[in-house]
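Have a look at the structure below before the remarks.
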Amino acid sequence: MQRKLQASKLLLVGALTFWSGLFCNGQKQIDSLTIALEQADNSAQQAELNLLLAKEWIIKNQDSAWLYAEEALNISRASAKPKQEIEALNMQANILQRRSKNEEAMALYSSAIAKAEALDYKEGLAKLYNNVALIHTQLGEYPKALEGFTLATRYEEETGNREGLAQGLNNIGVVFYYQEDFDKAMEYFLESVKVHEAMGNRLSAKQGYNNIGAINEALERFPEALTFYKRSLDIALEMDDEAEIGHSYNNIAGVYNNLEEWAKAEEFYQKAIAYNSSNDDYYSLALNYLNLGEMYTLANQMAKAEAWFKKAQTLVERYSYKNLALVVFEKGAEFYAKAGRFEEAYQYQLLYDAYKDSVYNEAKAKSLAETEALYETEKKEREAAEAKAALVQEQLVVEQQNVWLSLLVGGVLLLMVIAISVFRQQSARRRQIEAEAELQEEKTRAEGRKRLDEERNRISRDLHDHIGAQLTIISSQIDKLAFKESSEERKLKFEQISDHTRDTMAQLRETIWAMRNDQINLEMLGAKLQDFIQRSHQEGRQFHFQNFAESAIILSPEQTINLFRICQEAIQNAIKYADFKNLSISFKEQHGHLEVLIEDDGKGMEVINSNRGDGLRNMEARMKQIQGSFTIKSEPEKGTSILLKVAINTPIAL
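The sequence shown lines up with residues 115 to 768 when you count with the numbering used here.
Shown next as structure tokens:
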């Protein structure tokens, strides 16, 4: 239940990530504004155009945005335009806020607020208080955030900005949510939805009802959750949005599942499957299959449950849905353990452990990232749908105008000129809408990557500061026990445990190293391997490392950690079992792939696919995760060679 509550919380945070008054329409808009600025003949126009250019650049290049904002500020001060000066200060504070320079941003916001209050400039005050409240929210200063959002909402209401009013009500609800005052939060969410309904903004209203349903479900208020999920479903049916209809059916089925009303849960899951199948939405289908498997497990219908788990597994493996795969393998292991089929449960646990390493061994982080990604995907789809609908509407207007103009064009040359002009305007508008849709999609992807990077850095810090520190303390305490122990046998055991602890610390540092780098070149991976080889050195055995590939080849963190772990496993296996004199690792670039060859001249073994041990199966599973290949060749007394192949300079998104 806690995980679902956390997911709902992430769904609502999106309301706070929008920066008031900022837009980004693409390079064509920037070019047009730049030309207009060159032709502007008065200071008011120049200040306004500089502000518009700053807004356009704030996403792409904040240094450029700052230059335009500074120019707008200088012009507005020189020409005594106080409102434009306030807008310029707000823009500069926005830029500092994006750079996480919160103290400097707050200083500028305070200056701008003082000027706006002196002028009673309510439109500016609404934006300024909203942006200040955003900083307080990020810092966890909820009473101050609540005060700021309340003031912003009041000014939005006084100026008649209904969209701003709805946004402000939603933001107040989010602050109450963070303070775990869920009833108060839902009260404001409902008020926000009412405003959207009154404006005819059905998309926002639908999402609001869905969010409120998710909170109620997380709090085990199942009848209330059903009420709001069904309102969301009604709007989706009204809009004939098949993707959202499928999502709503899945949500409703989940509530019936919690209520243990199996027949109703199955009915709505099947409806969700029908819609998601017609849309080729395989991710949602995999989720539906997994949910059905869990439902039948709870209902003790084990044969049906196994069939749906298998269907879910097929989809997540076919389409490389890594986060869902982790859940499928975890639930599969639990299912087979409950069924008493422990060998199959063990195999699924092995798959789960391998996938868990690829998503940085942090289940909670996986859940957060997955929920954010799903939310942003839905948001992008809605925005794309709105852009497409607007484009179709524009095309219909153009067609209607062309029909009427064609009836009159025969005798009136002037009407012909007007028709051509209108057609060109509509075409330019259509191209602008298409560019905006493309830019919004790229913006969504960039924000998703940024959140993933921040989450990955947070996890690595937690691993280093907490788990690493604990391991150091454990190792130190064991060493003290070993030093004080008089029994040689117990002292030896303590020393062995201490050695294992230090090995674990080394593996933890290697994982943190991979997580903290967005891109890792081959030279860095080679250096890590040579360091491990140096630590593994034994008397009478020679280790060799050669890199025949370009050191600048780029690998993703996932590719890096899996290749390193496989080489590490291969070296350790050779030390334990191969009785070799020479072991070599070499890198080579071949046909757009990196080839890693691990060879030893040890006693070899019989390689039979059906009898491969856990170590070899783990190596194969790791290569499958990074879409690579794994080949092993070995014969008795003829040594062993392992060949790994993976695509280069194409990092896999985590």
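For glycine and all other residues, C-beta sits at the position ideal for the given N, C-alpha and C.
Remember, it's a predicted structure, so these values are computed and weren't measured experimentally.
Leaving aside the five residues before and after residue i along the sequence, list all residues of the same chain whose C-beta is less than 6 Å from its C-beta, in chain order.
i       : result
Leu-151 : Leu-163
Glu-237 : Thr-273
Gly-135 : In this prediction, Gly-135 has a pLDDT of 41, which is less than 50 and means its spatial position is unreliable; nothing more can be read from the coordinates.
Ala-533 : Leu-519
Lys-702 : Phe-662, Ala-663, Glu-709
Met-409 : Asn-371, Ala-379
Thr-411 : Ala-419, Phe-449
Leu-711 : Ser-700, Leu-757
Asn-390 : Gly-360, Ser-398, Leu-399
Val-246 : Tyr-223, Gly-262
Gly-327 : Ala-339, Phe-342, Tyr-343
Under 8 Å between the Cβ atoms of residue i and residue j?
i       : j       : result
Ile-667 : Ile-756 : no
Ala-183 : Gln-206 : yes
Phe-97  : Leu-465 : Any question about residue 97 goes unanswered here, given that the chain covers just 115 to 768.
Trp-171 : Ala-158 : no
Ala-426 : Gly-407 : yes
Gly-742 : Leu-758 : yes
Ala-350 : Asn-393 : no
Ile-200 : Lys-174 : no
Phe-55  : Asp-715 : Since the first residue of the chain shown is 115 and the last is 768, residue 55 is not available in this structure.
His-658 : Ser-698 : yes
Glu-683 : Asn-732 : yes
Arg-544 : Glu-508 : yes
Leu-165 : Ala-202 : yes
Tyr-460 : Gly-446 : no
Phe-678 : Leu-639 : yes
Ser-318 : Leu-283 : no
Met-680 : Ile-647 : According to the sequence provided, residue 680 is Ile. The question's Met does not apply to it. No. Outside cutoff.
Identify whether residue i lies in helix, strand or coil by the three-state DSSP scheme.
i       : result
Leu-711 : strand
Ala-666 : coil
Glu-199 : helix
His-651 : coil
Gln-704 : strand
Ser-193 : coil
Lys-743 : Contrary to the premise, residue 743 reads as Ser rather than Lys in this sequence. Ser-743 falls in the strand class under three-state DSSP.
Phe-646 : helix
Phe-94  : Given that the chain is displayed from residue 115 to residue 768, the structure contains no residue 94 and the question cannot be resolved.
Leu-253 : coil
Ala-761 : strand
Asn-175 : coil
Ile-107 : Since the first and last residues shown for the chain are 115 and 768, residue 107 lies out of range.
Thr-618 : helix
Ser-535 : helix
Ile-722 : coil
Thr-264 : helix
Thr-754 : strand
Asn-635 : strand
Glu-749 : coil
Gly-772 : Residue coverage of the chain in this structure runs from 115 to 768, which leaves residue 772 outside it and unanswerable.
Asp-593 : helix
Taking 7 Å as the limit between beta carbons, can you name the residues of its chain near residue i, skipping five residues before and five after?
i       : result
Thr-491 : Interpretation of Thr-491 is limited by its pLDDT of 49, a score under 50 that renders its predicted location unreliable; the figure taken from the coordinates is listed afterwards. Correct list: empty, nothing qualifies.
Glu-749 : Gly-718
Leu-529 : Leu-519, Leu-522, Val-523
Lys-470 : Leu-440
Leu-595 : Phe-608
Pro-196 : Lys-229, Leu-233
Lys-298 : Phe-290
Ala-154 : Gln-160, Leu-163
Asn-315 : none
So, at 8 Å on beta carbons, what are the nonlocal neighbours of residue i in its own chain, with the 5 sequence-adjacent residues on each side left out?
i       : result
Glu-751 : Lys-717, Gly-718
Phe-296 : Phe-290, Ile-329, Leu-333
Ala-692 : Asp-714, Gly-716, Lys-717, Gly-718, Gly-753, Thr-754
Gln-739 : Lys-436, Ala-468, Tyr-469, Ser-472, Glu-672, Asn-676
Would the beta-carbon of residue i be found less than 7 Å away from any heavy atom of the ligand ZN?
i       : result
Gln-554 : No copy of the ligand ZN appears in this structure; indeed no ligand is present at all.
Comparing the C-beta of residue i with each C-beta of chain B, is any distance below 8 Å?
i       : result
Lys-424 : Among the protein chains of the structure shown there is no chain B, as only one such chain exists.
Does the region 329-346 touch the region 365-385, meaning 3 or more C-beta pairs lie closer than 8 Å?
Enough Cβ pairs lie closer than 8 Å, so yes.
If you pair each beta-carbon of the region 260-270 with each one of the region 233-251, do three or more pairs fall below 8 Å?
Yes: the two stretches touch, three or more of their Cβ pairs being nearer than 8 Å.
Which ranges does the alpha helix (DSSP H) cover as unbroken runs of at least 4 residues, wholly within the region 445-470, from first to last along the chain?
Runs found: none.
In chain order, what are the residue ranges of uninterrupted alpha helix (DSSP H) at least 4 long that sit wholly in the region 326-374?
Correct list: 336-353, 356-372.
Mind listing, in chain order, the continuous alpha helix (DSSP H) runs of no fewer than 4 residues lying wholly within the region 277-318?
Qualifying alpha helix (DSSP H) stretches, in chain order: 296-313.
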